[in-house]
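Throughout the sequence shown, residue numbering follows my numbering, covering 109 to 1059 in sequence. Ideal Cβ positions, reconstructed from N, Cα and C, are used throughout, including at glycine. For reference, the structure is listed below as C-alpha cells.
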Amino acid sequence: MQVCAAPLPLQGFCAQCVLLTRRQVRGAAGGAGAGREGFCHECQRPGPLPGSFPRALGCHVGHMAPSLASVPPFSGAGGLVGPGRPPSGSVSSLTPIPVFLGPPSCRKWDSGRPRRVQLRLHRGLGAAGREDQPCPYSFRRKFVVTKGNIAQMYHAPGKKREFNAFFLDKTYFGPYDETTCIDWTDDSRCFVVGSKDMSTWVFGAERWDNLIYYALGGHKDAIVACFFESSSLDLYSLSQDGVLCVWQCDTPPEGLRLKPPAGWKADLLQREEEGEQEDQEGDRETTIRGKAAPAEEEKTGKVKYSRLAKYFFNKEGDFNNLTAAAFHKKSHLLVTGFASGIFHLHELPEFNLIHSLSISDQSIASVAVNSSGDWIAFGCSGLGQLLVWEWQSESYVLKQQGHFNSMVALAYSPDGQYIVTGGDDGKVKVWNTLSGFCFVTFTEHSSGVTGVTFTATGYVVVTSSMDGTVRAFDLHRYRNFRTFTSPRPTQFSCVAVDASGEIVSAGAQDSFEIFVWSMQTGRLLDVLSGHEGPISGLCFNPMKSILASASWDKTVRLWDMFDSWRTKETLALTSDALAVTFRPDGAELAVATLNSQITFWDPENAVQTGSIEGRHDLKTGRKELDKITAKHAAKGRAFSTLCYSADGQSILAGGMSKFVCIYHVREQILMKRFEISCNLSLDAMEEFLNRRKMTEFGNLALIDQDAGQEDGVAIPLPGVKKGDMSSRHFKPEIRVTSVRFSPTGRCWAATTTEGLLIYSLDTRVLFDPFELDTSVTPRRVREALRQQDFTRAILMALRLNESKLVQEALEAVPRDEIEVVSSSLPELYVEKVLEFLASSFEVSRHVEFYLLWTQKLLMLHGQKLKARAGTLLPVIQFLQKSIQRHLDDLSKLCGWNRYNMQYALAVSQQRGTKRPLEPLGSEEEEAEASEDDSLHLLGGAGRDSEEEMLA
C-alpha cells in the first residue's frame, strides 16, 4: 500500500495571508502533486498557534479469529461510543484509529448520546495501486475531527517520530447545531458532515476552486448518517424520522480543480521555488466558514447538487426512529437500525428491500459492515449486546452480551481456563480466558449477585444473591441443580465452598448469621451465630476444614467444621473488616479493614504477624459533587477485596479507587500499582476539580446534560446508590469490586466499573538471566549441542533464560535420549524446564515431543517435586491448563473425523446392497418416512452444533 504525503508547507505566515505551496503550483499547472496550504510573511503579524489534538478514550483494536487485541494510546474526557476502521479493513502503524467520544454519562455498556467528537480516517488516491503508479492526491496522513458544530482537519504522524505530530491544518464552520456523522469520498478529496440542525454539509479537503462548501437540506429531523457513493460525489443522507434523500452532483471527482495562485502569491511561490525561502517551512491553521444560503455570484461555476429521490422507511402510522446506519459502497448495501430493534437491508439507489428482521427489543445503537459486505455487526447499548449477522445465509456469526449493570464478583476455575462473573443485573456469566467470549449465562437469580466461586472440581459454580438464595450450577449440563435457602428470608452478601466441595456457606447481611448447607443433599446443616454486624466476607482454609468470617463488628471469627461448628478463635481488629482471604497453603490469613489497612494473622496461634498501611497507595480522586478535597476524602476509602498470588508471596488489593495495588507480603512494601482506567467520563478520576465548571450559581455537574432532549429524562430516585437508578444519565464512580489471581500465577483479573479486566505477565523480550557467569554464552550452548552434550547445553540455555535458545536446546535432543537427559537435570532446573514447556504448549506444533518431555520429567522427579508442592503448584496448574486445551481441541477434531468416517462407511455399505421392489401405492409412505429421517438427522446435527458451540 502506497502512502504519499505532501511536503511541509511554508512557515512563519499568519492566517490572513494565505498562499499555496510549491506543489500546488505544479498541480494547478497540470502536474500530479497537490500539497497543503501555508501562510506568508508579508504583514508580519503573528499567526495562530497550532490546535491541540482532542484526546480520545482508549480503544481496543483486534482480530476476531485469533482473539488478540491491543490498546492504542488514546485518552480523553468523554465516554467511548464506538471505534471505526480504515477503509482497507486492516490496522497498521500508519493509520490513525477513528474513535468517537461520548458524554460523561456514557459507559462501555451503558446508553447515552455521543457528544459528537468524532475521528474518521480517509484514504488517498493511488493508495491501493501499484508502486510505480503516481499518487497525485494522497491525504493518507490527514484526518478530520468533528466537535460540536465545527470540523477540524489534523495532520497525522507517519513512520518517523515527529515533534508536535498532531497539528491542526484546517477548521470548517457550517452547521449551527452539533454534528452527528461524517464520511469521506473514496479519493479523499471531500467529506460530508451531518448535523442535528437537519442540514448536511459537503466540504473540500483542499481549497478547490469549484467546491469549498455546500449545504443540503430536505430533512425534517436530525441527520443520523450520510454516505458518499463509490467513486462519486453523489451522496445519501438519512434522518432520525426514517427519511432517505438521494443527492446527485453535476461534477465528477476528477472535475474538482485547485484554486490557482495569483498576483503576489505566485511571485512569492516563484521566489520560494528558486530557493530564497528554503528555511521558512511550517504549519498554520486555515479557517473555512460556510454559509447556508450563499450569494448568487458565489454559486456561478461551482459544484451543484440536486435531489433525485426521497424515500420513507416508516409506513403510514408507524413512528419508529432510525438510530444507526451503515453503507457498503462496493455492493451498494444500506443497513439501517431502529429504536424498536428492527433492522432493514436495502439496495441503493433503487431502494429495494432485501431483508428485514428484529434482533432485539432494545434500540440498535451502532451498525457496521465488514469489508466484503457479508457480515453485519449490531450493537445494542441498552443490554450491552453485540451481534454479528451473515445476511445472505441469515445466520448468526457471533452473539455476545455483557452485564448491563456493574460486575461485583468473579472467580477463576481451578485450571484457570474459565472465569465466572456475577453482576447487579442478576446474571451469572462464564467466560473463556483464551477466546474472551462468554459461552453460558445463568439468569435464575432475581436480584443482584453478591458472590461467586468454583468448587475444587471446576465443574460447579456456586453463587449468592440478594434475592435470598444460594444456587449451584452444573457446567456439564448448564443447569441450576441446587438451590439453598434460609428458614427466614435474608439477603446473602458472600459465599464460600470448602476444598472438598461438600460444604457450602453463605453470610447474611441483615441477620448477621452464617448458614451452612450440604452440597449433596441441599439440607441446611447449621446456622452460625456470634457476629454483631453484617457478614462482609467468608473464606475456607485450603488445607483444613476451618472457615474464616469477617464482619463489620471489627472481628474475624475462625469456625472449626469438625468440632460441632464452634468458634475456634476470634481475632479482634481496630476497624470494620471488609474482606478476608487465606494464603494458598493455609498458613496465613489476610484481612482488609475500613481504616485502609491490610493485617496478616497466623490462624493457628491467632497472632498478628504484620500490617500494611494502604491509605496513601489508594490515591482516590475527588468526585464532582464532593465538598471536601481528595486528600480528606481518602480517609474514608479502603480496600474492599483481597487475593493472594498463586505462590503466596504477594497479595493483590483493590477497592474504592482507580488503582489496584500488589504488595510483597514478607517485606510489606508496594511492588506495583496498576491504574485500571484513564476514562475521565467516570467520577472520582481526577484529584482536583475543573474550575471551569464552578459558577456563581453552583457546580455545572449538577445539571443533567441530556435534560433538553426530545424524549426526556427520567428523574433519578433519591438515595439510590446502585442498580437501575431509573435513569442512565449519571456518572458512575470508578471502583474495583473484586480481584482474583489465576491458579497458574500468570495473570490476574479484576471486575471494575469499566468491566472485566485481565492482566497477564509481560511477554516482551527481556534479558533476565539465572545464575549467569562469563562462561555462559549462546556460542558455548551451540558448541555443546554440536558435541551432543545435551545436558550441559540445556543448563547453560536455562541460565541465559532466552526462550529461543532453550527451545533450540530442547528440540535438539533425540527422542531416545530424553529420558537420560531428564534424569541428569538438577532439581532446581526441572522447575524451569516445566515452566518453559507449559508456555511452549500454547504456541508450538511439537505437541507429542513436549508431552514426552513432560512425562519423563514428572515420572523421574515426581517424588522430589511433591516435597515442594506449594511453590510448584502454579507451574503445574499452568502446565495442566495448556495440556487440557490441546486435549479439548484434539478430542473435538477426532470425534468429528470419527463421525465422518462412520457416515462414509455407512453410505458405501448401503450403495452395495440391492433394495427389494416396493409394492405399488407406497410412494407417499416412503416420502413421509424420508421426511421423518431427514428431520431426525437435522435435529441431531443441530444438537451436535449446539454442543460444539457450548464447548
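>> Once DSSP output is grouped into helix, strand and coil, what is the label at I472?
In response: In the three-state DSSP reduction, I472 falls in the coil class, being neither helix nor strand.
> Looking at the structure shown, is N1008 part of a helix, part of a strand, or coil, going by DSSP?
Replying inline: In the structure shown, N1008 sits in a helix (DSSP, three-state: H, G or I).
>> Residues in the same chain with beta-carbon distance under 6 Å from R315, minus the five sequence neighbours each way, listed in chain order, please.
In response: Closer than 6 Å at Cβ, skipping near neighbours: K367.
> Who are F550's beta bridge partners in DSSP?
Replying inline: F550 is bridged to V536.
> Would Y520 be called buried (16 or more neighbouring beta carbons within 10 Å of its own) or exposed?
Replying inline: The residue is buried, with at least 16 neighbouring Cβ atoms inside 10 Å.
> What is the DSSP secondary structure of F708, counted as helix, strand or coil?
Replying inline: Three-state DSSP puts F708 in a strand.
>> So, at 6 Å on beta carbons, what are the nonlocal neighbours of E1034 in its own chain, with the 5 sequence-adjacent residues on each side left out?
In response: A caution first: E1034 carries a pLDDT of 49, below 50, which makes its placement in the model unreliable, though a value can still be read off. Here the set comprises nothing.
> Is there contact between the segment 288-305 and the segment 336-345, where contact requires at least three CB pairs shorter than 8 Å?
Replying inline: The answer is yes - the segment 336-345 touches the segment 288-305, with three or more Cβ pairs under 8 Å.
>> Whether or not the segment 411-427 and the segment 346-363 are in contact is what I'm after, with contact meaning three or more pairs of Cβ atoms, one per stretch, closer than 8 Å; do they touch?
In response: By the criterion of at least three beta-carbon pairs nearer than 8 Å, the segment 346-363 is in contact with the segment 411-427.
> Within this structure, are the beta carbons of G534 and H553 separated by less than 8 Å?
Replying inline: In this structure, the beta-carbon distance from G534 to H553 falls below 8 Å.
> What number of angstroms, rounded off, separates the C-alpha of D924 from the C-alpha of F849?
Replying inline: In this structure, the CA atom of D924 is about 39 Å from the CA atom of F849.
> Over what stretch of residues does the alpha helix (DSSP H) that includes L808 continue unbroken?
Replying inline: Counting along the chain, L808 falls outside any alpha helix (DSSP H), and DSSP gives it neither H nor E.
>> Just to confirm the assignment, what range does the alpha helix (DSSP H) spanning M967 have?
In response: Under the DSSP assignment, M967 falls in the alpha helix (DSSP H) whose first and last residues are V955 to A975.
>> Using C-beta distances below 6 Å, list every residue in its chain close to F550, excluding the 5 sequence neighbours before and after it, in chain order.
In response: These residues qualify, in order along the chain: V536 and F581.
>> Relative to the C-alpha of F767, which candidate in S753, L797 and H724 has its C-alpha closest?
In response: Residue H724 is the option with its Cα nearest to F767.
> Fully enclosed by the segment 278-310, which alpha helix (DSSP H) runs are 4 residues long or longer?
Replying inline: Here no run is fully enclosed.
> Does DSSP put R848 in a helix, in a strand, or in coil?
Replying inline: R848: strand per DSSP, three-state reduction.
> Between which two residues does the beta strand (DSSP E) containing L666 stretch?
Replying inline: L666 -> beta strand (DSSP E) spans T663 to D668.
>> Only counting the same chain, and skipping five residues up and downstream in sequence, which positions put a Cβ closer than 7 Å to that of D329?
In response: Excluding residues within five positions, the ones whose Cβ falls inside 7 Å are M306, S347, Q348 and D349.
> Measuring CA to CA, which of L913, R397, D606 and H740 is closest to T885?
Replying inline: Here the closest residue by C-alpha is L913.
> So what does DSSP say about F944, is it helix, strand or coil?
Replying inline: When DSSP states are grouped into helix, strand and coil, F944 belongs to the helix group.
> Just to check, is the beta-carbon of H954 closer than 7 Å to a non-hydrogen atom of the ligand NAP?
Replying inline: Inclusion of the ligand NAP in the displayed structure is not the case, the ligand content being empty and no account of it being possible.
> Quick one: what does DSSP say L583 is sitting in, helix, strand or coil?
Replying inline: DSSP places L583 in coil when its eight states are reduced to three.
>> Within 8 Å, do at least three Cβ pairs link the segment 796-808 to the segment 894-905?
In response: In short, these stretches do not touch, since the Cβ pair count stays below three.
> Do T859 and E841 have their C-beta atoms within less than 8 Å of each other?
Replying inline: With respect to the 8 Å criterion, T859 and E841 are not classified as neighbours on the basis of their beta carbons.
> Taking the C-alpha atoms as reference points, what is the distance between V983 and L750?
Replying inline: The C-alpha of L750 is placed about 22 Å away from the C-alpha of V983.
> Using a beta-carbon distance below 8 Å, is P595 in contact with chain D?
Replying inline: Checking the listed chains, one finds no chain D in this structure; it contains a single protein chain.
>> Pull the bridge partners of A99 from the DSSP assignment, please.
In response: The question about residue 99 has no answer, for the chain in this structure spans 109 to 1059.
> In the DSSP assignment, what residue or residues form a beta bridge with A432?
Replying inline: Per DSSP, G445.
>> I need the boundaries of the beta strand (DSSP E) containing S573, first residue and last residue.
In response: Residues V568 to S573.
>> Please report the straight-line C-alpha distance between V889 and E916, rounded to a whole angstrom.
In response: Cα to Cα, the separation comes out at about 10 Å.
> Ordered along the chain, which non-local residues of its own chain (more than five positions away) have a Cβ less than 8 Å from that of N460?
Replying inline: For N460, where only same-chain residues beyond five positions count, the Cβ hits under 8 Å are H454.
> Taking C-alpha atoms, which residue in E935, E939, V938 and R953 lies nearest to E919?
Replying inline: Measuring from the Cα of E919, the nearest candidate turns out to be R953.
>> Just to confirm my understanding: we take A792, look at its own chain, exclude 5 residues before and 5 after, and list those with CB closer than 7 Å. What are they?
In response: T728, G729, R730, K731, E841 and I842.
> Rounded to a whole number of angstroms, what is the C-alpha to C-alpha distance between S448 and I643?
Replying inline: S448 and I643 have their C-alpha atoms spaced approximately 44 Å apart.
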